[in-house]
Amino acid sequence: MPKVSIIVPVYNVESKLRRCLDSIKHQDYSDFECILVDDGSSDISGNICDEYAHSDRRFKVLHQKNHGVSAARNAGLKVALGDWILFVDSDDWVSSQFISAFFDGSMADIVFQGLMKDSLQGSKPILFDHNPTHVFVENLYYLEKKDLLGWCWNKMFRSSIIKENNICYPENISLREDAVFTLQVLCHANSITWRNVAYYHYVETVGSLMTKLRPYEELAICNDILYNLRCEVVRLHPYNEYAIWAKNEFFKYKATIVRYAFYRKYYLSRTIRYCLLKEITHMVLDIQGLGTTDQLIFKICRMPLPLYLKDTIINIIAKFHGHKYYKGQI
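Residues 85 to 414 in the numbering used here are what the sequence shown lists, from first letter to last.
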């Protein structure tokens with residue numbers, strides 16, 4: 085059996101797929117299987133996957149109806165045979181040392197790497213600025229603050245933890261699902277480490293999924309899931325600083341959700357908007373991590389004003405900022 089299973093969800097990426105698969109094929113570490121999950125592509129992506137599977141027995145292909153990236157990754161997890169699990173997105177690519185670097189040092193239940201952000205402006209490495217400690221939750225807290233937890237493809241997971249605890253990607257949300265998956269694994273893990281290298285190339289594209297507007301309900305569900313998982317980690321590995329940070333992140337996200345309540349596309353009923361405004365009124369939040377607009381909205385929510393007046397003022401702010409997603413227009 086292969087030591088490493090690489091899972092690649094594939095959907096309509098015919099122009100970029102060969103670059104991705106060639107980069108995996110030419111790794112300097114060869115003991116791997118690459119599971120390509122064609123998620124109902126309408127272009128020739130599925131044919132390209134078959135081509136690689138026919139020419140290299142390390143590549144395997146699953147064809148399924150389109151159910152989304154989380155379902156595709158879950159399909160790959162079900163058939164993965166390796167002791168370790170890696171994920172690669174089909175529009176990204178990896179340097180030849182990507183896999184071998186994970187094994188270059190002491191092992192842990194999850195091993196992280198840095199990454200390269202590739203854009204039209206060039207490539208920017210994202211690396212670690214200090215070494216991991218021997219304290220599990222200290223390492224986790226550091227990774228959360230550095231915003232390095234939320235991607236699935238800069239880390240290698242011990243497969244037994246995933247399989248023995250039936251961990252899978254949430255299929256009811258389409259944002260932060262990587263963070264949800266990783267936190268689920270962390271609830272059953274005992275060690276984290278990282279390599280200060282950047283062999284994964286994340287290719288930033290205009291209009292990517294991460295920049296799309298999400299429904300209010302999905303934001304709220306995601307925020308609740310992340311907070312509950314972080315609370316579970318704190319229960320298992322008590323650490324006051326991380327507990328405080330997790331609560332502040334939960335409240336911060338709530339403040340951002342208020343802004344979504346006034347977007348043109350998802351403009352919510354007055355009853356729901358008022359409920360959100362009431363919640364924010366009683367929050368104690370360090371607002372430094374919020375954007376300028378969210379900081380202003382949060383301050384207004386905390387003011388001793390009638391709800392109808394807060395609601396009106398936030399709509400006016402929306403007009404002033406002229407955001408294309410707000411209901412109000414200049």
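Note that the Cβ used here is the ideal one computed from N, Cα and C, for glycine as well.
It should be emphasised that the depicted structure is a prediction, and the values quoted were computed from it without experimental measurement.
Where the alpha helix (DSSP H) containing residue i begins and where it ends
i: residue 138; result: 129–139
i: residue 257; result: Run containing residue 257: none; DSSP gives neither H nor E here.
i: residue 283; result: Residue 283 -> no alpha helix (DSSP H), and no H or E assigned at all.
i: residue 108; result: 101–109
i: residue 233; result: It is not in any alpha helix (DSSP H) - residue 233 carries neither H nor E in the DSSP assignment.
i: residue 182; result: 182–186
i: residue 266; result: 261–270
i: residue 159; result: 153–163
Distance, residue j Cα to residue i Cα
i: residue 275; j: residue 228; result: 15 Å
i: residue 309; j: residue 300; result: 14 Å
i: residue 250; j: residue 389; result: 48 Å
i: residue 273; j: residue 221; result: 11 Å
i: residue 247; j: residue 365; result: 43 Å
i: residue 383; j: residue 397; result: 11 Å
i: residue 112; j: residue 184; result: 7 Å
i: residue 356; j: residue 209; result: 42 Å
i: residue 150; j: residue 243; result: 25 Å
i: residue 320; j: residue 232; result: 21 Å
i: residue 283; j: residue 182; result: 5 Å
i: residue 341; j: residue 154; result: 23 Å
i: residue 261; j: residue 253; result: 6 Å
i: residue 116; j: residue 363; result: 49 Å
i: residue 277; j: residue 265; result: 17 Å
i: residue 121; j: residue 200; result: 24 Å
i: residue 217; j: residue 205; result: 35 Å
i: residue 386; j: residue 323; result: 29 Å
i: residue 141; j: residue 133; result: 12 Å
i: residue 395; j: residue 135; result: 57 Å
i: residue 186; j: residue 89; result: 13 Å
i: residue 226; j: residue 190; result: 19 Å
i: residue 215; j: residue 329; result: 21 Å
i: residue 163; j: residue 180; result: 25 Å
Beta-carbon proximity of residue i to residue j, cut-off 8 Å
i: residue 124; j: residue 255; result: no
i: residue 224; j: residue 165; result: no
i: residue 169; j: residue 91; result: yes
i: residue 119; j: residue 146; result: yes
i: residue 400; j: residue 343; result: no
i: residue 337; j: residue 312; result: no
i: residue 234; j: residue 263; result: yes
i: residue 157; j: residue 86; result: no
i: residue 196; j: residue 239; result: yes
i: residue 171; j: residue 237; result: yes
i: residue 267; j: residue 317; result: yes
i: residue 203; j: residue 288; result: yes
i: residue 378; j: residue 339; result: yes
i: residue 219; j: residue 107; result: no
i: residue 139; j: residue 97; result: no
i: residue 259; j: residue 302; result: yes
i: residue 104; j: residue 174; result: yes
i: residue 159; j: residue 148; result: yes
DSSP state of residue i mapped onto helix, strand, coil
i: residue 114; result: coil
i: residue 374; result: coil
i: residue 295; result: Because residue 295 sits at a pLDDT of 47, beneath the cut-off of 50, its placement in the model cannot be relied upon, and the following sentence gives the value as read from the coordinates. If DSSP states are grouped into helix, strand and coil, residue 295 belongs with the helices.
i: residue 401; result: helix
i: residue 125; result: coil
i: residue 365; result: helix
i: residue 143; result: strand
i: residue 89; result: strand
i: residue 224; result: helix
i: residue 251; result: coil
i: residue 380; result: helix
i: residue 190; result: coil
i: residue 308; result: helix
i: residue 175; result: coil
i: residue 219; result: coil
i: residue 149; result: coil
i: residue 120; result: strand
i: residue 202; result: strand
i: residue 97; result: coil
i: residue 277; result: strand
First and last residue of the uninterrupted beta strand (DSSP E) at residue i
i: residue 208; result: 206–210
i: residue 431; result: This structure leaves residue 431 out entirely; the chain is present only between 85 and 414.
i: residue 341; result: Taken as a continuous stretch (DSSP letters only), residue 341 belongs to no beta strand (DSSP E), being part of the alpha helix (DSSP H) at 324–344.
i: residue 196; result: 194–197
i: residue 239; result: 239–242
Contact belief for residue i with residue j at Cβ below 8 Å, rounded distance in angstroms
i: residue 314; j: residue 188; result: Not really, about 30 Å apart at Cβ, beyond 8 Å.
i: residue 176; j: residue 285; result: 6 Å
i: residue 391; j: residue 358; result: 5 Å
i: residue 241; j: residue 194; result: 6 Å
Closer than 7 Å: residue i CB and nearest the ligand FMN heavy atom
i: residue 146; result: With respect to the ligand FMN, the structure shown offers nothing to examine, as it has no ligands at all.
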